[in-house]
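2 protein chains.
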Amino acid sequence: MSRLLVRNFSISLDGYAAGPDQDLNNPLGLGGAKLHEWIFATRSGNQMIGRDAGSEGIDDDFFSKRGSGVGATIMGRNMFGPVRGPWSESNWTGWWGEEPPFHHPVFVLTHHPRPPLEMRGGTTFYFVDGEIEAVVSAAFQAAGELDVLVGGGASTIRQCLRASLIDEMHLVLVPVLLGSGERLFEDLGASADNYRCIERVCSPAVTHVRIARNDRDDATPR
Amino acid sequence: MSRLLVRNFSISLDGYAAGPDQDLNNPLGLGGAKLHEWIFATRSGNQMIGRDAGSEGIDDDFFSKRGSGVGATIMGRNMFGPVRGPWSESNWTGWWGEEPPFHHPVFVLTHHPRPPLEMRGGTTFYFVDGEIEAVVSAAFQAAGELDVLVGGGASTIRQCLRASLIDEMHLVLVPVLLGSGERLFEDLGASADNYRCIERVCSPAVTHVRIARNDRDDATPR
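Take a look at the structure:
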């Protein structure tokens, strides 16, 4: 059965998924890049940017499997780009260049309609409005037998968590303080009761935590 | 040199130090007791309540040293008790019975004056108003050569952190979601830059994190 997953989502010790003042030059906000340093210390993180460097181990195990078994991705508009409001003036096609690393359909949440954007290598961006349940359903359709990944950002994941739509989430607790920014966990309320921790492992750099919805008795080993 | 310390302070995966609706029956709020389960699984946590049970190991190492080298404690009024407003009608003497486990001066922050309360076993509660800096200074005076512990709750620790008064803080990250409640980290702002992680260790139950102010080059091994 296909699952709705979050993988490799980093938060600071004080709970922020991005620092303050996110913009084109600081897509993760001030200080937010610290949250991803662990990725660029891994072998797979370096391969992603075409470099032959980095180490293997726990962090690399997690990051190298980021796309494994995934047939569609959902992301918030702010993860797709820094453009706000209507798209009319923009020819923005995402942060990832002409061949984005998804290689499958990507559903971008936005209140502003825009035709699908077909990129090289099998990635097509679909710009979708409406209830999160409907978007998730469309993504499952597109993914076929495969899983659907919620890529981020924090507000998109939060929306899915509050509706208890996420089956499994892999968080990376980075031992830094950002002081302010955008939180991942904010007023989950009763939906928090629907989740439990199924794995927790410290690497030398970070702590990996996996949580699963309680009805997923089949929560899979990674 | 004496230090201002926080020890064994538990927060949930979503950053809460207490659940919602704290009152006399739920001093840690709804679900908040989950944050302290790790303590009652340790040998020293059981000894604290007069029981010969619990296990040794990392968690016990931390918890058994909770009072080591401490000459005074600071706590917020809500940690002292559930009474709000003026004390006049109350004969509340704390959660800890006739012989509290501090055995040294304890400074309780309150806007409502009250004479000191001398308990058995060397604990005296002083009820103090005014700037946090002045309270910390009085506690250092009372502690002599020893360290001062900020016992909690979250808002008292936050007040000390924002003023960068805390030298070292030991946090316990408990892998549960509470959904709502009282946060430890809230708008630290620039004071976050003054701290760094100096230790992080996973036990089977929780993750221990120690942070220290950057000017504490002598951050001590535990």
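Sequences listed follow chains W and L, in order. Count the first sequence with the numbering used here and you get residues 6 to 227, in order. Count the second sequence with the numbering used here and you get residues 6 to 227, in order. For every residue, glycine included, the Cβ atom is placed at its ideal position computed from N, Cα and C. As the structure is a computational prediction, the values presented were derived from the model and not from experiment.
Which two residues bound the contiguous alpha helix (DSSP H) that contains residue i?
i, result
"Val177 (chain L)", "Unbroken run through Val177 (chain L) is the beta strand (DSSP E), 173-179; no alpha helix (DSSP H)."
"Ser196 (chain W)", "It is not in any alpha helix (DSSP H) - Ser196 (chain W) carries neither H nor E in the DSSP assignment."
"Gly50 (chain W)", "48-53"
"Val214 (chain W)", "Looking at the DSSP string, Val214 (chain W) is not in any alpha helix (DSSP H); the run it does join, the beta strand (DSSP E), is 212-218."
"Val141 (chain L)", "137-148"
Looking at the unbroken beta strand (DSSP E) that takes in residue i, where does it start and where does it end?
i, result
"Asp152 (chain L)", "152-157"
"Glu42 (chain W)", "Here Glu42 (chain W) belongs to no beta strand (DSSP E), and DSSP marks it neither H nor E."
"Val13 (chain W)", "Looking at the sequence provided, one finds Asn at residue 13 (chain W) rather than Val. Its beta strand (DSSP E) spans residues 9-17."
"Phe85 (chain W)", "First-last for Phe85 (chain W): 82-85, but that is the alpha helix (DSSP H), not the beta strand (DSSP E)."
"Phe190 (chain L)", "Note, Phe190 (chain L): premise wrong, no beta strand (DSSP E); not H, not E."
"Val68 (chain W)", "Residue identity differs from the one stated: residue 68 (chain W) is Phe in this sequence, not Val. From DSSP, Phe68 (chain W) is part of no beta strand (DSSP E) but of the alpha helix (DSSP H) over 63-69."
"Pro110 (chain W)", "110-114"
"Thr98 (chain L)", "No beta strand (DSSP E) contains Thr98 (chain L), which DSSP labels as neither H nor E."
"Val133 (chain L)", "129-133"
"Ala23 (chain W)", "21-23"
Would you grab the beta carbon distance between residue i and residue j for me? Rounded to a whole angstrom, and I think it's under 8 Å.
i, j, result
"Val11 (chain W)", "His175 (chain W)", "6 Å"
"Ser196 (chain W)", "Leu154 (chain W)", "Not really, about 20 Å apart at Cβ, beyond 8 Å."
"Gly90 (chain W)", "Leu114 (chain W)", "Their Cβ separation, rounded to whole angstroms, is 15 Å, which puts Gly90 (chain W) and Leu114 (chain W) out of contact at 8 Å."
"Pro32 (chain W)", "Pro121 (chain W)", "In fact, because the Cβ distance is near 23 Å, the residues do not count as touching under 8 Å."
"Gly99 (chain W)", "Ser208 (chain W)", "Rounded, the Cβ-Cβ distance is 30 Å, inconsistent with contact."
"Glu187 (chain L)", "Ala22 (chain L)", "6 Å"
Nearest to residue i by alpha carbon, out of the options?
i, options, result
"Ser49 (chain L)", "L:Ala38, L:Glu104, L:Asp64", "L:Asp64"
"Val75 (chain W)", "W:Pro121, W:Phe14, W:Phe130, W:His109", "W:His109"
"Ala58 (chain L)", "L:Asn96, L:Asn199, L:Ala46", "L:Ala46"
"Glu5 (chain W)", "W:Asn13, W:Pro25, W:Asp26", "With chain W running from 6 to 227 in the structure shown, residue 5 (chain W) is simply not present."
"Glu204 (chain W)", "W:Asn83, W:Phe67, W:Ala139", "W:Phe67"
"Arg1 (chain W)", "W:Glu104, W:Gly127, W:Asn96", "Not covered by the structure: residue 1 (chain W). The range shown for chain W is 6 to 227."
"Arg8 (chain L)", "L:Glu103, L:Glu104, L:Ile79, L:Leu122", "L:Ile79"
"Glu150 (chain L)", "L:Ile16, L:Met53, L:Ala77, L:Ser60", "L:Ala77"
"Lys39 (chain W)", "W:Tyr200, W:Asp172, W:Val211", "W:Val211"
"Gly37 (chain L)", "L:Ala139, L:Gln52, L:Ser15", "L:Ser15"
"Ala112 (chain W)", "W:Phe130, W:Glu104, W:Glu123", "The identity of residue 112 (chain W) in the sequence shown is Phe, whereas the question assumes Ala. For the residues W:Phe130, W:Glu104, W:Glu123, the minimum Cα distance to Phe112 (chain W) belongs to W:Phe130."
"Pro106 (chain W)", "W:Pro121, W:Thr128, W:Leu193, W:Gly55", "W:Thr128"
"Ser17 (chain L)", "L:Asn219, L:Arg201, L:Thr98, L:Leu189", "L:Leu189"
"Ala217 (chain L)", "L:Val206, L:Tyr200, L:Ser208, L:Pro209", "L:Tyr200"
"Trp101 (chain W)", "W:Val177, W:Met84, W:Ser93", "W:Met84"
"Asp172 (chain W)", "W:Val206, W:Leu178, W:Arg215", "W:Arg215"
"Leu170 (chain L)", "L:Val206, L:Arg71, L:Pro209, L:Asp220", "L:Asp220"
"Gly72 (chain W)", "W:Leu193, W:Arg125, W:Met53, W:Thr98", "W:Met53"
"Pro25 (chain L)", "W:Glu187, W:Cys207, W:Asp192", "W:Asp192"
"Gly194 (chain L)", "W:Asp152, W:Glu61, W:Leu35, W:Ala168", "W:Leu35"
"Gln164 (chain L)", "L:Asn51, L:Ala139, L:Val179, L:Leu178", "L:Ala139"
"Asp152 (chain L)", "L:Lys70, L:Ser60, L:Asp19, L:Ala168", "L:Lys70"
"Asp19 (chain W)", "L:Asp222, L:Val177, L:Val206", "L:Val177"
"Glu104 (chain W)", "W:Asn30, W:Val206, W:Gly126", "W:Gly126"
"Val206 (chain W)", "L:Asp198, L:Ser60, L:Val179", "L:Val179"
Say yes only if the C-beta of residue i is nearer than 7 Å to one or more non-hydrogen atoms of the ligand MG, and no if none qualify.
i, result
"His175 (chain W)", "By its list of ligands, the structure shown contains no ligand whatsoever, and the ligand MG lies outside what it can speak to."
Next on the checklist: For the pair the stretch 179-196 of chain W and the stretch 135-148 of chain W, tell me if three or more CB-CB distances fall below 8 Å.
Outcome noted: no
Checklist entry - What residues from the stretch 205-223 of chain W come within 8 Å of chain L, judged by C-beta to C-beta, listed N to C? => result Arg205, Val206, Cys207, Thr212, Val214, Ile216
Checklist entry - In the stretch 81-115 of chain L, which residues sit with their C-beta less than 8 Å from some C-beta in chain W, listed in chain order? => result none
Checklist entry - Counting Cβ pairs closer than 8 Å, one from the stretch 140-154 of chain L and one from the stretch 141-160 of chain W, do we hit at least three? => result no
Next on the checklist: Residues of the stretch 53-70 of chain L in Cβ contact with chain W at a cutoff of 9 Å, in chain order, please.
Outcome noted: none
Item to check | Selection of the stretch 26-40 of chain W by Cβ proximity to chain L, strictly under 7 Å | outcome: none
Item to check | Residues of the stretch 167-183 of chain L with Cβ closer than 8 Å to any Cβ of chain W, in chain order | outcome: Leu176, Leu178, Pro180, Val181, Leu182, Leu183
Checklist entry - What residues in the stretch 129-141 of chain L bring their beta carbon closer than 9 Å to a beta carbon of chain W? => result none
Item to check | Where the stretch 156-167 of chain L meets chain W: residues whose CB sits under 8 Å from a CB there | outcome: none
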